[in-house]
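Taking UniProt numbering, the leading residue of the sequence shown gets 1, the next gets one more, and so forth.
See structure below.
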Amino acid sequence: MVTLSRDELHVSVVDPVSASMNFLNEIASRFPAAISLAAGRPFDEFHSVTDIDKHIQVYLTHLRERGLSPAHSRALLTQYGRTNGHIGDLIARMLDVDENIQVPAAAVMVTTGCQEAMVIALRGLCAGPDDVVLAAEPCYVGLTGAARILGVEVVGVPESDDGLRPETVREVAAAARARGKRPRALYLVPNFANPSGVSLPVPVRRALLAAAAQEDLLILEDDPYGLFGLDDEPRPTLKSLDADQRVIYLGSFAKSYFPGARVGYLVADQPVVDAAGRHTLLAEELSTVKSMLTVNTSALSQAVVGGMLIDSGFSLRTANQAKIAFYRHNLATLLSSLQRYFAGTPVRWNSPSGGFFVVVDVPADASEELLETSAREHGVLWTPMRFFYIGGGGERAIRLSCSAIEPERIDDGVRRLAGLLLR
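In structure tokens form, the structure reads like this:
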């Protein structure tokens, strides 16, 4: 019988952050009665199985109105299909309606979740061993995990309490170049970031675009939470402010529709010129990478999402009014509960203006051992912030999520957390 040495497997297989996330799932399965302030998924009750068939039928009607024959429509939904997808035009219309982003359909690649979009962008941009990606730190583990699989180095750009600072980006880029590296792109979540909850003011967004131009960086803008602010204040995407096509926009329908569809997208309208002077778009060039990963995104899932977009008038903001109200109430409840149970104690927390997450500084080592104690003895789950740091950090901080839980259970969860931290 063949026996393999774990030490000889790729680093992504034995990645401690991935192992930690598996530990979270394992803890949740062992303590099913615990209140989870760890899960960042959408609330289950917003998802209806009947919507799947409804939206497929809406999409089929759309195809018929476009003049497609039944045979052509059937092939579109049941065969492999175009690598970059068949609803790019609908996504482009949605981006125009909701985000004031104007791009041609050819600039949109439909991906299998936003995670695939990250892998494709990193693989396409980082061509040599010295190419690195900068990322706001603490950083979403999906980005760092994707980079680890590809062997791409991620260099953390520390966030301040009010978010990413352009001068810090410039300093980190210069330091990377000083050690022989070539910074290719900057990854960030400008709206209610996971895990920090921070949202960048508009002047900072403009200054980051200027800093990226000065440092010759592309920007990978990930925007899964932009709909879910505590108010209706406009928060323009970096892509909508992008005057020189420096931003590659990463999106997903996981939070705004349902994650089981596994439909995301990448918007890359940057022109690419070959040696013969021929021009294409970056999204078209990256299709080769996608074709070797997933061949194409599920045609059925694209049809479901396409029907939803048509049904909503191409506005996720309109389609998500109930979700927006729910998540606003949940975040306000979480912040109110933290004030109720921790005011006047050594525990401190930030106050995000939207999204799913709050970071809490705690007077203890927020270790996996403490999390197990929390689940077993106090019946509450949370996420250690150390999982989100590239080179160490966050040892005395936790992330609380309020998205996947009934509002009335949030207060009870925070009360249980106080029993753990103030004992």
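By construction, the Cβ of each residue, glycine as well, lies at the ideal position given by its N, Cα and C atoms.
Judged by DSSP secondary structure, R340 falls within the alpha helix (DSSP H) whose first and last residues are Q321 to F342. Collapsing the DSSP output to three states places A243 in coil.
With a contact defined as Cβ atoms closer than 8 Å, L286 and A268 qualify at about 6 Å. For D222, the enclosing beta strand (DSSP E) starts and ends at L218 to D222.
Leaving aside the five residues that flank T144 on each side, the residues in its chain whose CB is nearer than 8 Å to its CB run, in chain order, V17, A135, V154 and I390. Under the Cβ criterion (8 Å, minimum of three pairs), the stretch 323-330 does not count as touching the stretch 271-290. Residue state for Y265 is assigned as strand, using DSSP reduced to three classes. I35 sits in a strand when the DSSP states are folded into three classes.
Put simply, the backbone Cα of A254 is about 19 Å away from that of N25. N296 and L164 have their alpha carbons spaced roughly 35 Å apart. Boundaries of the alpha helix (DSSP H) harbouring I91: G88 to E99, taken from the DSSP string.
When DSSP states are grouped into helix, strand and coil, R184 belongs to the strand group. If you draw a straight line from the Cα of G85 to the Cα of V49, it comes to about 23 Å. The beta carbons of A117 and T111 sit closer together than 7 Å. Under the 10 Å beta carbon count, H10 is surrounded by fewer than 16 other beta carbons and is classified as exposed. Of the candidates G226, P138 and R170, the residue whose Cα lies closest to the Cα of S160 is P138.
Rounded to whole angstroms, the separation of the alpha carbons of R235 and I87 is 26 Å.
Counting only runs that start and end inside the stretch 123-191, the beta strand (DSSP E) elements of at least 3 residues fall at 131-137, 153-158 and 182-188. Per DSSP, R278 lies in no alpha helix (DSSP H) segment and is marked neither H nor E. The DSSP-derived three-state label of V380 is strand. In the three-state reduction of the DSSP assignment, V110 falls in the strand class, which pools E and B.
Pairing G413 with S36, the inter-Cα distance amounts to about 8 Å. As the crow flies, the alpha-carbon of E65 is around 42 Å from that of S353.
Taken atom to atom, the span from the alpha-carbon of G277 to that of D216 is near 22 Å. In the same chain as I398, and ignoring 5 residues on each side of it, the C-beta atoms closer than 7 Å to its own belong to V360, V362, A366, W382, T383, P384 and M385, in chain order. Each residue's CA atom was taken as its position, placing L77 and A173 some 45 Å apart. Secondary structure at V347: coil, using DSSP grouped into helix, strand and coil. By the criterion of a C-beta distance shorter than 8 Å, A212 is surrounded in its chain by V169, L186, L218, I219 and R246, once the five residues flanking it on both sides are discounted.
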